[in-house]
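**Student:** What follows is a single structure, and I will ask about it in a moment.
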Amino acid sequence: MSKVSGKATAEELLAKAQQPMKDAIRLHSFYGGKIETALKCRVKDWNDFAIWYTPGVSAPCLEIEADPKKAYEYTNKWNRIAVVSDGTRVLGMGDIGPKGALPVMEGKCLLFKYLGGVDAVPITLDTKDPEEIIRTVLLLQPAFGGINLEDISHPKCFEILDRLRAEAEICIFHDDQQGTATVILAALINALKVVGKKMNEVKIAFVGSGAACVATARLLFAAGVRPELTLMVDSKGILHRDRKDISGRKDEFKHKWHLCQITNAKGRRGAAAEALEGADVCIAMSKSEPGTIKPEWVRKMAKDSILFPLANPLPEIWPWVAREAGARIIATGRSDFPNQVNNSNGFPAIFRGALDVRAKTITDEMCLAAADSMAKRAEESGLDDESITPNMNDMEMFCREAVAVGMKAQEQGVALLKMDAATAYKKAKTIIERAQNMTQSMMREGFIPKAD
5 MSKVSGKATA
15 EELLAKAQQP
25 MKDAIRLHSF
35 YGGKIETALK
45 CRVKDWNDFA
55 IWYTPGVSAP
65 CLEIEADPKK
75 AYEYTNKWNR
85 IAVVSDGTRV
95 LGMGDIGPKG
105 ALPVMEGKCL
115 LFKYLGGVDA
125 VPITLDTKDP
135 EEIIRTVLLL
145 QPAFGGINLE
155 DISHPKCFEI
165 LDRLRAEAEI
175 CIFHDDQQGT
185 ATVILAALIN
195 ALKVVGKKMN
205 EVKIAFVGSG
215 AACVATARLL
225 FAAGVRPELT
235 LMVDSKGILH
245 RDRKDISGRK
255 DEFKHKWHLC
265 QITNAKGRRG
275 AAAEALEGAD
285 VCIAMSKSEP
295 GTIKPEWVRK
305 MAKDSILFPL
315 ANPLPEIWPW
325 VAREAGARII
335 ATGRSDFPNQ
345 VNNSNGFPAI
355 FRGALDVRAK
365 TITDEMCLAA
375 ADSMAKRAEE
385 SGLDDESITP
395 NMNDMEMFCR
405 EAVAVGMKAQ
415 EQGVALLKMD
425 AATAYKKAKT
435 IIERAQNMTQ
445 SMMREGFIPK
455 AD
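Just add 4 to wherever you are in the sequence shown, counting from 1, and you've got the working numbering.
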């Protein structure tokens with residue numbers, strides 16, 4: 005089934021939801037990983053080695069020494085990023101360590117390449133020390149055009165991102181914060197259009213107050229959501245100004261403490277059940293376990309409620325359960341259900357746009373531009389309860405999003421290269437098409453074999 009409906013039983017839907025994890029073990033073992041290094045220059049015969057390596061390679065080396073910016077011309081630095089993680093907060097699995105995190109990082113690199121044409125290298129660090137992570141990323145800068153931080157636990161992820169954005173000379177992006185916020189905003193823009201509600205009037209309940217929820221709240225506020233109408237829930241209940249467990253650790257939880265000050269104007273108390281009562285929207289990024297959000301809580305939400313249970317790999321409530329409980333629009337982070345709100349619609353294009361104009365940073369305004377572009381592309385295909393997000397196989401969406409990011413970077417003065425929208429679009433499309441065509445060609449020729 006392409007859509008969740010009453011035609012399938014709960015057992016059938018559950019079996020479908022669990023199948024990807026069963027397939028993953030077999031296919032990861034068959035391929036021995038998902039990415040590899042490939043050549044992009046021609047090697048006609050052994051004589052070419054004198055050009056690509058010694059002695060010829062000394063010529064571009066010396067030019068780069070004299071003018072470091074030429075590294076972007078003579079090497080792949082212009083299109084290469086690192087995906088850096090310490091493995092402390094991986095999907096819904098928690099702290100599984102740097103080796104356990106490696107399949108996720110390889111998968112991220114696969115998506116960067118196939119959807120954005122970005123060459124990404126997985127780097128998992130055997131340290132949990134923020135200072136060591138920051139220092140390592142700064143030391144990696146000469147080889148990369150950008151860094152994607154991934155699956156780093158909070159609250160240290162806030163400090164790491166803030167410090168690196170201030171100290172690094174290349175663009176730094178924390179997908180769990182900025183990428184998540186971007187795709188959620190895009191989905192919310194369209195969901196509100198479907199139900200006929202306004203961004204500055206809706207009551208939103210966040211179930212979870214980790215990095216993703218905090219960053220999403222910040223971006224939604226920038227997009228027009230009113231903090232005073234917003235409730236944030238962590239493991240100890242709704243955030244409010246009298247939360248002494250947070251106020252006593254303001255330095256450690258400064259972002260969460262700030263939310264205590266600006267949200268929940270009425271000072272409501274309670275837990276997730278109370279927060280959902282009367283809410284127009286619930287955005288959940290908490291425990292990856294169906295049943296975390298109860299159907300009886302959903303029944304108490306406002307009419308035409310919007311529910312985003314986004315925990316991975318399993319949502320906090322199954323979509324069919326949420327629909328039976330009265331939610332009108334349900335979106336998850338999974339590709340096997342309608343309305344996938346997944347970072348994969350965001351980070352490949354955001355980096356494509358940033359790299360193409362050689363952006364020094366990735367600002368919140370660039371993320372807003374990406375979200376708006378994403379939402380508009382989905383709207384062109386027609387919006388309804390089960391179609392609020394663009395399809396991940398829509399290359400046009402990635403190209404337009406990259407252009408929106410690149411144009412905003414230039415507008416804000418953080419781009420080192422200048423180009424018009426038409427040029428940016430052509431560049432992004434050419435690079436993304438090449439990546440996808442190369443993969444398809446290798447599959448046809450058998451260099452990527454078909455699994456049994």
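Cβ atoms here follow ideal geometry from the backbone N, Cα and C, with glycine treated the same way.
Can you round the beta-carbon distance between A353 and E405 to whole angstroms, since I take them to be within the 8 Å contact cut?
**Tutor:** Indeed they touch by this definition, with Cβ atoms about 4 Å apart.
**Student:** Identify which residue in I366, A70 and T267 has its Cα closest to the Cα of H178.
**Tutor:** H178 has its Cα closest to that of I366, out of I366, A70 and T267.
**Student:** Given this structure, state the Cα-to-Cα distance separating V325 from P299, to the nearest angstrom.
**Tutor:** So the alpha carbons of these two residues sit roughly 7 Å apart.
**Student:** Quick test of your reading: A276 and F312, contact by CB under 8 Å. State the CB separation rounded to the nearest angstrom.
**Tutor:** That pair is no contact at about 14 Å.
**Student:** If the criterion is Cβ atoms closer than 8 Å, does the pair V122 and F355 meet it?
**Tutor:** Against a cut-off of 8 Å, the Cβ pair of F355 and V122 comes out as a contact.
**Student:** Rounded to the nearest angstrom, what separates D340 and E135 at their Cα positions?
**Tutor:** Roughly 39 Å between the two C-alpha positions.
**Student:** Give the straight-line distance between the Cα atoms of K26 and D130, rounded to the nearest whole angstrom.
**Tutor:** Approximately 28 Å, taken between the alpha carbons.
**Student:** Does the beta-carbon distance from K412 to A379 come in below 8 Å?
**Tutor:** No, Cβ-Cβ distance for K412 and A379 is not below 8 Å.
**Student:** Is it buried or exposed for S62, if we count other Cβ within 10 angstroms and need 16 for buried?
**Tutor:** Looking at its Cβ environment, which holds fewer than 16 other Cβ atoms inside 10 Å, S62 is exposed.
**Student:** Within 10 angstroms of the Cβ of F257, are there 16 or more other Cβ atoms? Answer buried if so, exposed if not.
**Tutor:** So F257 ends up on the buried side.
**Student:** Along the chain, where does the beta strand (DSSP E) that runs through L243 open and close?
**Tutor:** Unbroken run through L243: none, as it is neither H nor E.
**Student:** For a test of the three-state rule: what should DSSP assign to M401, helix, strand or coil?
**Tutor:** Three-state result, M401: helix.
**Student:** Rounded to whole angstroms, what's the CA-CA distance from V418 to R273? Just pull it up for me.
**Tutor:** About 42 Å.
**Student:** Give the DSSP bridge partners of A172, in chain order.
**Tutor:** Bridge partners of A172: none, in fact.
**Student:** For the putative contact between E320 and I297, defined by C-beta atoms under 8 Å, what is the C-beta separation to the nearest angstrom?
**Tutor:** Indeed they touch by this definition, with Cβ atoms about 4 Å apart.
**Student:** Among D238, L280, A279 and E281, which one has its Cα closest to the Cα of W261?
**Tutor:** Answer by Cα proximity: D238.
**Student:** Helix or strand or just coil, what does DSSP make of F155?
**Tutor:** One detail in the question is off: residue 155 reads as Asp in this sequence, not Phe. Reduced to three states, the DSSP call for D155 is coil.
**Student:** Confirm, please, whether the CB-CB distance from M423 to V345 is below 8 Å.
**Tutor:** Their beta carbons are not under 8 Å apart, which means V345 does not touch M423 by this criterion.
**Student:** With a 10 Å radius around its C-beta and 16 neighbouring C-beta atoms as the bar for buried, classify S290 as buried or exposed.
**Tutor:** The residue in question, S290, is buried, as its Cβ has 16 or more Cβ neighbours within 10 Å.
**Student:** Rank I208, E328, G337 and Q444 by C-alpha distance to the C-alpha of E278 and give the top, closest one.
**Tutor:** That would be I208, whose Cα lies nearest to the Cα of E278.
**Student:** Give the straight-line distance between the Cα atoms of L31 and G37, rounded to the nearest whole angstrom.
**Tutor:** For L31 and G37, the distance between alpha carbons rounds to 9 Å.
**Student:** Where does P323 land, buried or exposed, given buried means 16+ other C-beta within 10 angstroms?
**Tutor:** Under this definition P323 is a buried residue.
**Student:** Which partner residues of V87 appear in the DSSP bridge assignment?
**Tutor:** V87 pairs with P126 and N152.
**Student:** Note the first and the last residue of the continuous alpha helix (DSSP H) segment covering P313.
**Tutor:** Not the alpha helix (DSSP H): P313 falls in the beta strand (DSSP E), residues I310 to P313.
**Student:** Check the C-beta distance from I164 over to I137 and give it rounded, since I have them as a contact under 8 Å.
**Tutor:** Rounded, the Cβ-Cβ distance is 6 Å, consistent with contact.
**Student:** Hey, is the stretch 70-83 in contact with the stretch 97-115, meaning 3+ C-beta pairs nearer than 8 Å?
**Tutor:** Taking 8 Å as the limit for Cβ pairs, the verdict is that the stretch 97-115 does not touch the stretch 70-83.
**Student:** Which complete beta strand (DSSP E) runs does the stretch 293-367 hold, if anything under 3 residues is left out?
**Tutor:** Here the runs fully enclosed are 310-313.
**Student:** In the DSSP assignment, the alpha helix (DSSP H) including F461 goes from what residue to what residue?
**Tutor:** Any answer about residue 461 is impossible in this case: the structure gives the chain only from 5 up to 456.
**Student:** Between N3 and the rest of its own chain, which residues show a CB-CB distance below 8 Å, the 5 nearest in sequence each way excluded?
**Tutor:** In the structure as shown, the chain begins at 5 and stops at 456. Residue 3 is therefore absent and cannot be evaluated.
**Student:** Within the same chain, show all residues whose beta-carbon is closer than 6 Å to that of H259, passing over the 5 residues directly before and after it, in chain order.
**Tutor:** The residues are F162 and V218.
**Student:** Helix, strand or coil: which one does DSSP assign to V47?
**Tutor:** V47 falls in the coil class under three-state DSSP.
**Student:** Determine whether the beta carbon atoms of S391 and S385 lie at a separation below 8 Å.
**Tutor:** Yes, the pair counts as a contact, with Cβ atoms nearer than the cut-off.
**Student:** Jot down the residue ranges of each uninterrupted alpha helix (DSSP H) in the stretch 248-277, minimum 4 residues, whole runs only, in chain order.
**Tutor:** Runs found: 248-251 and 258-266.
**Student:** Can you check DSSP and say which residues form a bridge with T234?
**Tutor:** Paired residues: I208.
**Student:** Please list, in chain order, all residues of the same chain as G282 whose beta carbon is under 8 Å from its beta carbon, the five residues on each side excluded.
**Tutor:** Around G282: K207, K304, M305 and A306.
**Student:** Quick check on DSSP: helix, strand or coil for F451?
**Tutor:** Reduced to three states, the DSSP call for F451 is coil.
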